[in-house]
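The sequence shown begins at 1 in the numbering used here and counts up one residue at a time.
See structure below.
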Amino acid sequence: MLVILLVGLRVAIGGFNFSYFVVAGSDFADSEAAHPNLIINEGQGYDGQFFYRYAHYPLEFEKTAYGVTVDHIEYRIQRIVYPATVWLFSVGGKKEWIPFLLVLFNVLAFIGIIVFALKICEIYGSKLSLALLPIFSFGAYMALARDTSELFEVFFFTVAVFAMIKDKIGLYFIFVVLSIFSRETSLVVIGPLSLLYGIKLLKTEGKINSKLIFKGLVLIFPLLLIVLWKYYLHITINSKVLVDGSQNLSWPFVGILYGAKNNFNFNDYKSIFETLFWYLFFVWNIVFAISVIKAINFKQLFSFEVVSMLSIVYLFWTAFSLILGPAIYVDDWGFVRIFTLWNMLGFLILMINNKSINRIKLLYSISILFLLIVRLIIRV
């Protein structure tokens, strides 16, 4: 219901033009070369304009095409699943369909997350109301409002976890690959989770045999695929480096302190609201992380049950969040979006352990969600 409300009111404010969600900016979008219905704002715009560009043709390696110039081709094109899906269902990039389909498939991904959360609750006999926890995935609403790929990343990861619960390693492989190619940052979760899954299989088999070796290769292959994809992009577009995420990492707490300092600003109404949202989201993530960690059964942490593996990965991601750099914490959009998968890990742990959040935390979450929805409706 919230998703429909957000989409309905946002598209209405955009003059019932779904390209409003693209948030194209004049720095990258050319009004003369782009489709005439594309709404172009002054300035840089947002990441959705690059997904819009690749939805016309996912394997377009030119820096400028379809009226949009890409800032970093090797970085943008690696997240190919979301635009490729839209390209496929728009009958090969039919321009009139693309803005609507970008929104539609994000809506479907959000619904899919809830559906598979419900299935996971049913498997573990947990309260079905816990399947609604992902509605507090604030980064998902940001992705929906601006046509970015976090919803695809989280949906495919959730299905991969469902496949792991069912011990369907083939399905796990497929959806892990789709998650990685939706947003490569999912490797921070998928890498250690696949390693733990492999150890579990070894413990189950008891000895190394051909069947175990095959399953091990299945778990490793998604990581090999992303390396090969990055190398292909590297040689195709002649990029300077094969992999470079150094700008997003720093020494522990440097990024957090930078964000806290630079987002503590009361110069005008806009600054006050930006400060409010940054701190509301940051504090919420701390409170939520404490709730999840309290729900973890540390005595069974290395039992290699699904929930214990998710718990180990959650703790790893919690530590990883401390070394994310200023580029991530520069504003709430940066860290809230990248935390979307981390939050989903926490939701899954609470679901499987049948742990609810208390009334005060629930009211806090609902309050932030209400403010976020209003913000996303009225802001480009």
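Note that the Cβ used here is the ideal one computed from N, Cα and C, for glycine as well.
Problem set entry | Status (buried if at least 16 other CB within 10 Å, exposed otherwise) for V283 | exposed
Exercise. How big is the Cα-Cα spacing for S365 and E32?
Worked result: 44 Å
Problem set entry | Secondary structure of A34, DSSP reduced to three states | coil
Exercise. When burial is assigned at 16 or more other CB atoms within 10 Å of the CB, is W278 buried or exposed?
Worked result: buried
Problem set entry | Continuous alpha helix (DSSP H) stretch holding R418: start and end | Nothing in the structure corresponds to residue 418, since the chain is present only between 1 and 380.
Problem set entry | Proximal residues to V159 (C-beta, below 7 Å), its chain only, five neighbours per side dropped | F116 and F175
Exercise. Name the DSSP bridge partner or partners of V283?
Worked result: Answer by DSSP bridge pairing: none, since V283 is not bridged.
For this session: Could you tell me which residues DSSP pairs with N41 in its beta bridges?
Result: G25
Problem set entry | Span separating the alpha-carbon of I247 from that of V70 | Position check: residue 247 holds Gln in this sequence, whereas Ile was assumed. One C-alpha to the other measures close to 18 Å.
Exercise. So is G125 buried or exposed if we call it buried at 16+ other beta carbons inside 10 Å?
Worked result: exposed
Exercise. Looking at C-alpha atoms only, which residue of I80, P99, Y197 and V336 is the closest neighbour of K168?
Worked result: Y197
For this session: Would you check if there are 3 or more beta carbon pairs closer than 8 Å linking the stretch 256 to 275 to the stretch 206 to 225?
Result: no
Exercise. If you drop the 5 nearest sequence neighbours on each side, which residues of the same chain put their C-beta closer than 6 Å to that of Q78?
Worked result: E184
Exercise. If you draw a straight line from the alpha carbon of L59 to that of L219, how long is it in whole angstroms?
Worked result: 27 Å
Problem set entry | Residues that DSSP places opposite V103 in a beta bridge | None, per the DSSP bridge assignment.
For this session: Answer yes if the stretch 301 to 312 comes into contact with the stretch 335 to 353, meaning at least three C-beta pairs across the two stretches below 8 Å, and no otherwise.
Result: yes
For this session: Drop a sphere of 10 angstroms on the beta-carbon of G88, count the other beta-carbons inside from all chains shown, and report buried for 16 or more, exposed for fewer.
Result: Residue identity differs from the one stated: residue 88 is Leu in this sequence, not Gly. Label assigned to L88: exposed.
For this session: Keeping to the same chain, check which residues put their C-beta closer than 7 Å to that of E150; ignore five residues upstream and five downstream.
Result: G139, A140, A143, R183, R337 and T340
Exercise. Pick from L171, V227, S291 and F181: whose alpha carbon is nearest that of E153?
Worked result: F181
Exercise. Would you call R146 buried or exposed, if buried means 16 or more other Cβ atoms sit within 10 Å of its Cβ?
Worked result: buried
Exercise. Exposed or buried, what is R381 when buried is set at 16 or more other beta-carbons lying within 10 Å of its beta-carbon?
Worked result: Missing from the structure shown is residue 381; the chain here goes from 1 to 380 and no further.
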